[in-house]
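Heads up, the thing below is written out as structure tokens.
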Amino acid sequence: MAWQALADEAAIQEEEALGVQIGSHDIAICRLDGQIYAIHNICTHQYARLSDGYIEDGCIECPLHQGRFEIKTGAACGAPVSGTLRVYPVKVEEGKVWVELGD
Ligand code: FES
208 MAWQALADEA AIQEEEALGV QIGSHDIAIC RLDGQIYAIH NICTHQYARL SDGYIEDGCI
268 ECPLHQGRFE IKTGAACGAP VSGTLRVYPV KVEEGKVWVE LGD
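Just so you know, we're using our numbering here: the sequence shown kicks off at 208 and counts up by one.
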């Protein structure tokens, strides 16, 4: 898959996440300091959707055990989470958030 329009830009509020599922991809679309980011939406610890958590200090916090991931890089910020979440390329065109899903 190539670029996909997944959301209206206006629907993504500052420091909020919108969960979007398309095919096998589960993505959290976030706005941080005015910029839009797209990060894999499933925690590396157990099964939880990060878009059900909240955003603070540049990180998205898992709703289950409060593990945190840096939104810009996907890097885990300490126990109980580890590893790095996939971060998707994003562009905004004509009011839509486009995400490059890759293969
Ligand atoms: S499931 Fe996310 S921190 Fe445990």
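Built from N, CA and C at the ideal position, the CB exists for glycine as well.
Q) Can you name the residues that DSSP bridges to Q211? A) Walking along the sequence shown from the start, residue 211 turns up at place 4. V306.
Beta carbon of A255: closer than 7 Å to some heavy atom of the ligand FES? As a working note, residue 255 is residue 48 in the sequence shown. Yes, the beta carbon of A255 sits closer than 7 Å to at least one heavy atom of the ligand FES.
- prompt: Does any heavy atom of the ligand FES sit closer than 7 Å to the C-beta of H247?
  reply: Against the sequence shown, residue 247 aligns to sequence position 40. Checking every heavy atom of the ligand FES against the Cβ of H247, none is found closer than 7 Å.
task: Apply the 10 Å Cβ neighbour rule to Y295 and answer buried if 16 or more other Cβ atoms are within range, or exposed otherwise.
output: The count along the sequence shown starts at 1 and reaches residue 295 at position 88. Under this definition Y295 is a buried residue.
Enumerate in chain order the residues of its own chain whose CB-to-CB distance from V299 is below 8 Å, with the five nearest sequence positions on each side excluded.
What you label residue 299 is simply residue 92 of the sequence shown in a count that begins at 1. Result list for V299: E216, I243 and W305, in chain order.
* If we ignore side chains and look at the alpha-carbon of each, how far apart do D259 and G302 end up? -> For the purposes of this step, residue 259 is identified with residue 52 of the sequence shown, where counting begins at 1. For the purposes of this step, residue 302 is identified with residue 95 of the sequence shown, where counting begins at 1. Near 24 Å, if we compare the C-alpha coordinates of G302 and D259.
Would you say C269 touches the ligand FES, meaning its beta carbon is less than 7 Å from a heavy atom?
-> If you number the sequence shown from 1, residue 269 lands on position 62. Yes; taking the cut-off as 7 Å, the Cβ of C269 has a heavy atom of the ligand FES nearer than that.
Candidates C237, L213 and H232, of which the one nearest D264 by Cα = What you label residue 264 is simply residue 57 of the sequence shown in a count that begins at 1. Closest option to D264, Cα to Cα, is C237.
**OP:** Classify G230 as buried or exposed, calling it buried when 16 or more other Cβ atoms lie within 10 Å of its own Cβ.
**Re:** Here the question's residue 230 lines up with position 23 in the sequence shown. Counting Cβ neighbours within 10 Å, G230 comes out exposed, since fewer than 16 surround it.
*From the DSSP output, which residues share a beta bridge with V227?*
The residue you call residue 227 lines up with position 20 of the sequence shown. V227 is bridged to I234.
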